[in-house]
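Visitor: I have a structure I would like to understand better, so I am pasting it below and will then ask my questions one at a time.
Written out as structure tokens, the structure is:
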């Protein structure tokens, strides 16, 4: 099943990588939060 | 000089692996964005049409549209190879979205609701693991496949199965069966839970807790919550995050069990093992929640962070539909699916009973 292969591939890659998927996601969210806090991102519409 | 120019041109012809990989994500990311935004566009268009023509049309949320469009594409024309890498990022957006969702929670609420969730999660995990193990034996499934199904349906779906597969050295085939069963059941739960919730007139809080405890995959939990209401989605994600935080303990328990049973020594430092398996996005969620509680962000900034979280979830919902290939799932065989389905039904009733019980106890 393609999805499983992708998930497995991702899991295997992340095992070897220095930064896990979780860590990248947290980093991105924190950087974005910082940009909002310092005013670089002013207003995000929905 | 000539050789350095030749070297430079050689470098220019071969892009860096990182750049190449990043470019490979673009088509899939664009597809996620297009499907997600199409869902939002359809929801808005129907609302505007109803208003301008004085019609009362059913309000079908963008979440459902995005999932349905994704399902239609994946199960008719299929998803070409070029999109696959980008589509696989839906889990990344889910986790980033959960971290940013922390901006919508005061830390006190997290502790209060997380505390209630923790007690319910502990009961749910204990009963689910026991029941699924019994069911696997009754259906004559292989012991390690039973373990994978039990972990997948009691904690957090695919991530838990992959973590456990490595820890107990299970066959790839077993985890393929377990993942297929859990993904299929997650896709079905995604549509059934909101219907049952509305039928039982559950409050946002009760429904959110139920979805967070009863549905396996975090993406499906988030979507099932959002299909009910925005408030229910918040509670569902928090309950599921509490469940996710338990993954390390359960996987460690099974790793020790199988290592002893097979006479092998697989688990080294338990603390290191727990840290490795612990979902780090839970810490990010708590950090953003703590910053929001400490009034670090102004009100408009909190709204921006909440909206960024919604955009991240939009990509996730598109990914949920696009990755679900019904035919491929059915090919994986009936028995693991039947065990999983029987388990899911019992877990759904159990968690509903737990939620009712918790509210009776608290009021």
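Chains as they are written, first to last, in our numbering: chain F, 9 to 54; chain V, 108 to 470. C-beta atoms are modelled at their ideal positions from N, C-alpha and C, and glycine is treated no differently. If you're wondering where the values come from, they're calculated on a predicted model, not measured in any experiment.
#1: In chain F, which residues lie less than 8 Å from residue 407(V) when you measure between Cβ atoms?
#2: So, helix, strand or coil for residue 124(V), using DSSP?
#3: Residues of chain F with CB under 7 Å from residue 199(V), in chain order?
#4: Check the Cβ-Cβ distances between residue 417(V) and every residue of chain F, and say whether any is below 8 Å.
#5: Can the beta-carbon of residue 422(V) be found less than 8 Å from the beta-carbon of residue 180(V)?
#6: Taking the C-alpha atoms as reference points, what is the distance between residue 170(V) and residue 376(V)?
#7: If residue 329(V) and residue 343(V) are in contact, beta carbons under 8 Å, what's the gap, nearest whole angstrom?
#8: Taking the alpha carbon of residue 438(V) as the point to measure from, which residue in 246(V), 365(V) and 280(V) has its own alpha carbon closest?
#9: Whose Cβ in chain V lies nearer than 7 Å to the Cβ of residue 42(F)?
#10: Looking at the C-beta of residue 54(F), does it have a partner C-beta in chain V at a distance below 8 Å?
#11: Within its chain, find whatever has a CB closer than 6 Å to the CB of residue 311(V); leave out the 5 residues flanking it on each side and keep chain order.
#12: Return helix, strand or coil for residue 51(F), following the three-state DSSP convention.
#13: Using a beta-carbon distance below 8 Å, is residue 202(V) in contact with chain F?
#14: Please list, in chain order, the chain V residues whose beta carbon lies closer than 8 Å to that of residue 45(F).
#15: Under 8 Å: do the segment 346-356 of chain V and the segment 223-231 of chain V share three or more Cβ pairs, one atom per stretch?
#16: Using 8 Å as the limit for Cβ to Cβ distance, is residue 414(V) near chain F?
#17: According to DSSP, is residue 152(V) helix, strand or coil?
#18: Quick check on this structure: which residue in 288(V), 219(V) and 131(V) has the alpha carbon closest to the alpha carbon of residue 253(V)?
#19: Note down, in chain order, all residues in the segment 257-283 of chain V with a beta-carbon under 7 Å from any beta-carbon belonging to chain F.
#20: Using Cβ-Cβ distances below 9 Å, what residues of the segment 201-223 of chain V are close to chain F?
#21: Taking C-beta pairs closer than 7 Å, name the residues in chain F that residue 386(V) reaches, listed in chain order.
#22: Restricting to runs no shorter than 4 residues, where is the alpha helix (DSSP H) found entirely within the segment 330-407 of chain V?
#23: Could you tell me the alpha carbon to alpha carbon distance between residue 322(V) and residue 175(V), rounded to whole angstroms?
#24: Are there three or more Cβ pairs, one per stretch, closer than 8 Å when the segment 409-423 of chain V is compared with the segment 201-209 of chain V?
#25: Would you call residue 464(V) buried or exposed, if buried means 16 or more other Cβ atoms sit within 10 Å of its Cβ?
#26: Express the C-alpha separation of residue 278(V) and residue 319(V) in angstroms, rounding to a whole number.
#27: What residues of chain F sit near residue 395(V), judged by a beta carbon separation below 9 Å?
#28: With DSSP as the reference, label residue 165(V) as helix, strand or coil.
#29: So what's residue 293(V) in DSSP terms, helix, strand or just coil?
#30: What's the call for residue 30(F), buried or exposed, on a 16-neighbour Cβ count within 10 Å?
#31: What distance in whole Å lies between the Cβ atoms of residue 326(V) and residue 427(V), which are believed to be in contact at a cut-off of 8 Å?
#32: Distance check for residue 314(V) and residue 332(V), CA to CA, integer angstroms please.
#33: Reducing DSSP to helix, strand and coil, say where residue 186(V) ends up.
#34: Please list the partners that residue 411(V) has in chain F, where partner means a Cβ-to-Cβ separation under 7 Å.
#35: Residue 50(F): buried (16+ other C-beta within 10 angstroms of its C-beta) or exposed?
#36: For residue 236(V), is the beta carbon positioned less than 7 Å from some heavy atom of the ligand ATP?
Guide: Based on what the coordinates show:
#1: Counted from its first residue, the second chain places residue 407(V) at position 300. Under the 8 Å cutoff, chain F gives 51.
#2: Here residue 124(V) corresponds to residue number 17 of the second chain, with the count starting at 1. Note: residue 124(V) maps to helix in three-state DSSP.
#3: Along the second chain, one-based indexing puts residue 199(V) at 92. Ordered by position in chain F, the residues that pass the 7 Å Cβ test against residue 199(V) are 29, 32 and 33.
#4: As a first step, residue 417(V) must be located in the second chain, where it is residue number 310. Closer than 8 Å to some Cβ of chain F, the Cβ of residue 417(V) qualifies, so yes.
#5: Taking the second chain and counting its residues from 1, one reaches residue 422(V) at position 315. Taking the second chain and counting its residues from 1, one reaches residue 180(V) at position 73. It is not a contact, given that the beta carbons lie outside the stated cut-off.
#6: The sequence position of residue 170(V) within the second chain is 63, counting from 1. The sequence position of residue 376(V) within the second chain is 269, counting from 1. Taking the straight line from one Cα to the other gives about 42 Å.
#7: For the purposes of this step, residue 329(V) is taken as residue 222 along the second chain, with counting starting at 1. For the purposes of this step, residue 343(V) is taken as residue 236 along the second chain, with counting starting at 1. Indeed, because the Cβ distance is near 7 Å, the residues count as touching under 8 Å.
#8: Looking up residue 438(V) in the second chain gives position 331. Shortest Cα-Cα distance from residue 438(V) to any of 246(V), 365(V) and 280(V) involves 280(V).
#9: By 1-based counting over the first chain, the position of residue 42(F) is 34. Within chain V, no residue comes near residue 42(F); the closest Cβ sits about 10 Å away, beyond 7 Å.
#10: Within the first chain, residue 54(F) is the residue found at index 46, counting from 1. Taking Cβ atoms only, chain V reaches closer than 8 Å to residue 54(F), which makes this a yes.
#11: Locating residue 311(V) in the second chain gives position 204, counting from the first residue. Excluding positions up to five away in sequence, the list reads 336, 338 and 339.
#12: Within the first chain, the letter at position 43 stands for residue 51(F). Note: residue 51(F) maps to coil in three-state DSSP.
#13: For this step, residue 202(V) is matched to residue 95 along the second chain. Answer yes: the Cβ-Cβ gap between residue 202(V) and chain F drops below 8 Å somewhere.
#14: Within the first chain, residue 45(F) is the residue found at index 37, counting from 1. Residues of chain V passing the Cβ test: 403, 404 and 408.
#15: yes
#16: As a first step, residue 414(V) is located in the second chain; it is residue number 307 there, counting from the start. Taking Cβ atoms only, chain F reaches closer than 8 Å to residue 414(V), which makes this a yes.
#17: Here residue 152(V) is taken as the residue at index 45 of the second chain, counted from 1. DSSP places residue 152(V) in helix when its eight states are reduced to three.
#18: Here residue 253(V) corresponds to residue number 146 of the second chain, with the count starting at 1. Of the listed residues, the one whose Cα sits closest to residue 253(V) is 288(V).
#19: 265, 269 and 283
#20: Interface annotation for the segment 201-223 of chain V against chain F: 201, 202, 203, 204, 205, 206, 207, 209 and 210, criterion Cβ-Cβ distance under 9 Å.
#21: As a working note, residue 386(V) is residue 279 in the second chain. The answer, in chain order, is 30.
#22: When DSSP assignments are scanned along the segment 330-407 of chain V, the uninterrupted stretches of alpha helix (DSSP H) that are 4 or more residues long and fall wholly within it turn out to be 337-352, 354-368, 377-384 and 388-400.
#23: Taking the first residue of the second chain as 1, we reach residue 322(V) at position 215. Taking the first residue of the second chain as 1, we reach residue 175(V) at position 68. Straight-line Cα distance between these residues: approximately 19 Å.
#24: yes
#25: In the second chain, counting from the first residue as 1, residue 464(V) sits at position 357. Residue 464(V) should be labelled exposed.
#26: Counting from one through the second chain, the residue named residue 319(V) turns up at place 212. Counting from one through the second chain, the residue named residue 278(V) turns up at place 171. Approximately 29 Å, taken between the alpha carbons.
#27: The residue given as residue 395(V) occupies position 288 in the second chain. Correct list: 37, 38 and 41.
#28: In the second chain, counting from the first residue as 1, residue 165(V) sits at position 58. In this structure, residue 165(V) counts as coil in the three-state DSSP scheme.
#29: Stepping through the second chain from its first residue, residue 293(V) is reached at position 186. In the three-state scheme derived from DSSP, where H, G and I count as helix and E and B as strand, residue 293(V) is classed as helix.
#30: If you number the first chain from 1, residue 30(F) lands on position 22. Answer is buried; the Cβ neighbour count reaches 16.
#31: Taking the first residue of the second chain as position 1, residue 427(V) is located at position 320. Taking the first residue of the second chain as position 1, residue 326(V) is located at position 219. That pair is a contact at about 5 Å.
#32: Reading the second chain from its first residue, position 225 is the one you call residue 332(V). Reading the second chain from its first residue, position 207 is the one you call residue 314(V). Cα-Cα distance, rounded: 8 Å.
#33: As a position in the second chain, residue 186(V) is number 79, starting the count at 1. Residue 186(V) falls in the coil class under three-state DSSP.
#34: Numbered from 1 along the second chain, position 304 holds the residue referred to as residue 411(V). Within chain F, the residues near residue 411(V) are 44, 49, 51 and 52.
#35: Taking the first residue of the first chain as position 1, residue 50(F) is located at position 42. Exposed: under 16 other Cβ atoms inside 10 Å.
#36: With respect to the ligand ATP, the structure offers nothing, as it holds no ligand at all.
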